[in-house]
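Remarks on the structure that follows.
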Amino acid sequence: MAVPTLAWVLPRPRQDAYPGSWPLHFEKKLVRVLDNPHPILNQFGGMAEYGLRIDMRRTHPYSNHPNLAWTPPDVQGDAHRLPFKDNVFMLTIADPPYSAEESARMYKTPPIVYKDYIREAVRVTQVGGFIASYHVTVTPRPDQTEYFMRILVATRVWHRLRACCIFRKVSDDQS
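In terms of full-length UniProt numbering, the sequence shown is residues 1 to 175.
What follows is the structure, encoded as structure tokens:
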């Protein structure tokens, strides 16, 4: 089955000087294209505008940067071990650091592990809900899901494309 694929060219960067933030309008367009699913979890909180934000840190490691806008997360926690019950959210958005080096350099956090954080995203998402994996690569489809859509995001010249792979949770069977 062919996976529907959209291409968005969005303004970049956001004005808040937050490292790793999404291009302007990305969240709004994502929520709209998925027909406004709620509740929403932003698994790597940051400066998310929609949903519940979870992040490992209550403060940003570079909070003394003069132009940095930082909003503390709603919940402090680890994306690899989410502090939520199963099947809570209709949309879980994962926009992690893209490498161990980036985790350490930009956020002063341990390396991220795709299979662990994506398994948690699936666990806390309701059957019929969506998991949006935003990354510099096309990410693998997690168990209990089907491919729903891909969104390729461009911002400016000589800047890497991003891929937002959207999976729909089809099963709660964890066997």
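Here a beta-carbon is modelled for each residue, glycine too, at the ideal position from N, C-alpha and C.
CB of residue i within 9 Å of CB of residue j, strictly
i, j, result
"Phe44", "Pro97", "yes"
"Ala132", "Leu30", "yes"
"Val127", "Ala163", "no"
"Ile112", "Pro142", "no"
"Phe130", "Leu34", "yes"
"Pro110", "Ser103", "yes"
Close Cβ partners of residue i (< 8 Å) along its chain, the five nearest in sequence each way excluded
i, result
"Arg156", "Arg12"
"Asp74", "Gly45, Leu52, Arg53, Ile54"
"Phe84", "Leu41, Val124"
"His80", "Ile112, Val113, Asp116, Tyr117, Glu120"
"His159", "Arg12"
Nearest to residue i (by Cα), restricted to the options the options
i, options, result
"Leu91", "His38, Tyr147, Ile151", "His38"
"Asp86", "Lys115, His80, Val122", "Val122"
"Gly77", "Val136, Met106, Met56", "Met56"
"Val153", "Pro23, Val170, Ile112", "Pro23"
"Lys169", "Leu161, Tyr147, His159", "Tyr147"
"residue 176", "Arg160, Trp158, Gln144", "Only positions 1 to 175 of the chain appear in the structure, and residue 176 is not among them; the question remains open."
"Glu49", "Lys108, Glu101, Trp158, Ile93", "Ile93"
"Asp95", "Asp172, Met47, Phe89, Lys108", "Met47"
"Asp172", "Ala2, Trp8, Val88", "Val88"
Residue range of the unbroken beta strand (DSSP E) whose run includes residue i
i, result
"Leu41", "40-42"
"Leu6", "5-9"
"Leu30", "Segment 26-33 is the alpha helix (DSSP H) holding Leu30; no beta strand (DSSP E) there."
"Thr125", "125-135"
"Asp55", "52-55"
Chain-order list of residues whose beta-carbon lies under 6 Å from that of residue i (same chain, five-residue window excluded)
i, result
"Thr139", "Ser133, Cys165"
"Pro4", "Met149"
"Leu6", "Ile151"
"Leu161", "Leu152, Ala154"
Sequence-distant residues of its chain with Cβ nearer than 7 Å to residue i (five each side left out)
i, result
"Arg32", "none"
Scan the segment 64-121 and note each continuous beta strand (DSSP E) run of 3 residues or more that stays entirely inside, going in chain order. 89-94
Counting only runs that start and end within the segment 139-170, where is the beta strand (DSSP E) found for 3 or more residues in a row? 145-154, 162-169
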